[in-house]
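The number in this note's numbering is simply the position in the sequence shown, starting from 1, with 64 added. Notes follow the structure.
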Amino acid sequence: MKNLPSLLRAIATGDRRSATASLESTPSLVTARLARPDELFIGQCHAQLYEGDTALHAAAFAYDVQLARDLIARGADISARNRRGAQPLHAATNGVPGSTNWNPTAQQAIIQFLIEAGADPNATAAGGATPLHRAVRNRCSAAVDQLLRAGANPHLPNDHGSTPSDLAHRTTGRGGTGSEEAKAEQQIIIALLTKATT
Numbered sequence: 065m066k067n068l069p070s071l072l073r074a075i076a077t078g079d080r081r082s083a084t085a086s087l088e089s090t091p092s093l094v095t096a097r098l099a100r101p102d103e104l105f106i107g108q109c110h111a112q113l114y115e116g117d118t119a120l121h122a123a124a125f126a127y128d129v130q131l132a133r134d135l136i137a138r139g140a141d142i143s144a145r146n147r148r149g150a151q152p153l154h155a156a157t158n159g160v161p162g163s164t165n166w167n168p169t170a171q172q173a174i175i176q177f178l179i180e181a182g183a184d185p186n187a188t189a190a191g192g193a194t195p196l197h198r199a200v201r202n203r204c205s206a207a208v209d210q211l212l213r214a215g216a217n218p219h220l221p222n223d224h225g226s227t228p229s230d231l232a233h234r235t236t237g238r239g240g241t242g243s244e245e246a247k248a249e250q251q252i253i254i255a256l257l258t259k260a261t262t
């Protein structure tokens with residue numbers, strides 16, 4: 065769909081007015097899936113776009129509860145998967161601790177909203193990654209805390225046999241996870257997972 069990349073960019077950058085106008089003028093954008101990203105990365109929100117992403121994926125990685133609520137009311141699929149198998153809840157776990165656009169409080173709120181709307185906290189994407197695996201890898205302790213409180217299973221291994229706790233004790237290879245903020249988040253995550261698994 066031709067207008068979908070523009071809609072996803074508007075959502076990801078917080079331009080709710082343009083996003084709502086696009087949805088009003090082209091209602092089919094609510095359930096449209098990205099066919100081929102022209103630009104794979106939206107720097108303002110550290111969002112990686114993948115084939116199959118929907119407007120709800122974009123609202124999730126932008127931590128926009130209001131827009132996510134509107135999209136679901138218009139018929140968005142809470143379980144829509146992109147080509148990597150990631151659902152909107154997986155997208156909500158993205159973040160870079162210490163970056164200017166990372167907001168742990170808003171991240172917790174979108175995770176809570178999506179789960180209350182029916183998202184599965186133990187859904188797996190490519191490689192068997194659950195939202196909890198992704199939140200741990202991204203070093204987002206608020207997301208880890210919210211997922212655990214919502215019933216995410218800390219014992220589930222990914223396809224490589226790694227549990228979220230295993231990932232918490234390793235370097236992740238993800239950009240930004242070596243920062244002082246990310247290292248502090250890592251210690252909080254280890255404590256949260258230790259408490260959840262004992």
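Every residue gets a Cβ at the ideal spot worked out from N, C-alpha and C, and that includes glycine. Nothing here was measured: the structure is a model prediction, and the numbers come from that model.
Asked	Found
Taking the CB atoms as reference points, tell me whether residue 145 and residue 116 lie closer together than 9 Å.	yes
With contact counted as at least three CB pairs below 8 Å, one residue from each stretch, are the stretch 135-150 and the stretch 183-191 in contact?	yes
Grouping DSSP H, G and I as helix and E and B as strand, with all else coil, what is residue 112?	strand
Looking at the secondary structure, which residues open and close the alpha helix (DSSP H) in which residue 135 lies?	129-137
Using only the alpha-carbon positions, how far apart do residue 213 and residue 224 sit?	25 Å
For a test of the three-state rule: what should DSSP assign to residue 184, helix, strand or coil?	coil
For residue 165 versus residue 198, is the C-beta spacing smaller than 9 Å?	no
So what's residue 230 in DSSP terms, helix, strand or just coil?	helix
Helix or strand or just coil, what does DSSP make of residue 202?	helix
Can you name the start and end residues of the alpha helix (DSSP H) that residue 151 belongs to?	Taken as a continuous stretch (DSSP letters only), residue 151 belongs to no alpha helix (DSSP H), as it is neither H nor E.
Alpha carbon to alpha carbon, what distance is there between residue 125 and residue 209?	17 Å
Excluding the five sequence neighbours on either side, which residues of its own chain have a C-beta within less than 6 Å of the C-beta of residue 122, listed in chain order?	72, 75 and 76
Between residue 196 and residue 228, which are expected to be in contact by the criterion C-beta below 8 Å, what is the C-beta distance as a whole number of angstroms?	5 Å
Does the Cβ of residue 180 have 16 or more other Cβ atoms within 10 Å, making it buried, or fewer, making it exposed?	exposed
Look at residue 207 and residue 252 and say whether their C-beta atoms are less than 9 Å apart.	no
Find out if the Cβ-Cβ distance for the pair residue 170, residue 200 is shorter than 9 Å.	no
Can you tell which of 205, 150 and 156 has its C-alpha closest to the C-alpha of residue 189?	150
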